[in-house]
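Colleague: First, the structure itself, so that you have it in front of you.
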Amino acid sequence: MPDLPSSRVNPSDPFKHIGLDYAGPFYIFEGPKRAPTKNFKVWVLIVTCLAVRAVHLETALDCTAVAFLNAFRKFVARRGMPRTIVSDNGTNFVAAEKATRIAWAPKPEKEISNYMVEHKIDWKFNTPRAPWRGGVFESNSNSQKMPQTHTWNSKNWSR
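If you're matching positions, the sequence shown starts at 1 in UniProt numbering and goes up one per residue.
So this is what it looks like as structure tokens:
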């Protein structure tokens, strides 16, 4: 059996090495409780600390790279800048990471690129179609998804 990664073994500040996953969609209804008028889809960005297994949740209004960046900025404002990000090959994660490597991208992606490069964030992806490779953050994601589904989808939440 191979050794654990150094980010899991060596002491570090919380949320310096993180795993990312998305959960959702969850439905949020807008309007009075008795007769909600509109419903919106929301996704939850699940950020797991790889050192201490703490979990941080942030909402995103869609699954685009720009929405991910907005949720990620909220996370950074509360927990600080991570050094390493590990994620699965979700299209939003791949798009955000790819934008960090493309210098001639359009304006929204250029903003993502500048943000990640400026803060020197190392982004690693799991092997495609191998969810077991993200053991720590995938197991935390799964333990968060079931209670969220029962809680969020059964209530009338407002934006």
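Idealized CB from N, CA, C, for every residue including glycine.
Rounded to whole angstroms, what is the Cα-Cα separation between N89 and W123?
Modeller: Locating residue 89 in the sequence shown gives position 89, where the first residue counts as 1. Locating residue 123 in the sequence shown gives position 123, where the first residue counts as 1. Approximately 11 Å, taken between the alpha carbons.
Colleague: My guess is that T59 and V44 are in contact by the Cβ rule of under 8 Å, so how many angstroms apart are they, rounded?
Modeller: Counting from 1 along the sequence shown, the entry for residue 59 is found at position 59. Counting from 1 along the sequence shown, the entry for residue 44 is found at position 44. Contact flag correct, Cβ pair sits at about 6 Å.
Colleague: Helix or strand or just coil, what does DSSP make of L61?
Modeller: Reading the sequence shown from its first residue, position 61 is the one you call residue 61. Of the three classes helix, strand and coil, the one that applies to L61 here is coil, per DSSP.
Colleague: Quick one: is H119 buried, meaning 16 or more other Cβ sit within 10 Å of its Cβ, or exposed?
Modeller: To locate residue 119, count along the sequence shown from 1; it is residue 119. When all chains shown are included, H119 counts as exposed.
Colleague: F72: which of I18, L50 and N39 sits nearest, CA to CA?
Modeller: Taking the first residue of the sequence shown as 1, we reach residue 72 at position 72. When only C-alpha atoms are compared, the closest one is I18.
Colleague: Short check: CB of V42 to CB of T48, under 8 Å?
Modeller: Locating residue 42 in the sequence shown gives position 42, counting from the first residue. Locating residue 48 in the sequence shown gives position 48, counting from the first residue. No. Outside cutoff.
Colleague: Output needed for K16: all residues of its chain with C-beta closer than 6 Å, excluding positions within five of it in sequence on either side, in chain order.
Modeller: Reading the sequence shown from its first residue, position 16 is the one you call residue 16. Taken in chain order, the residues that qualify are P82 and R83.
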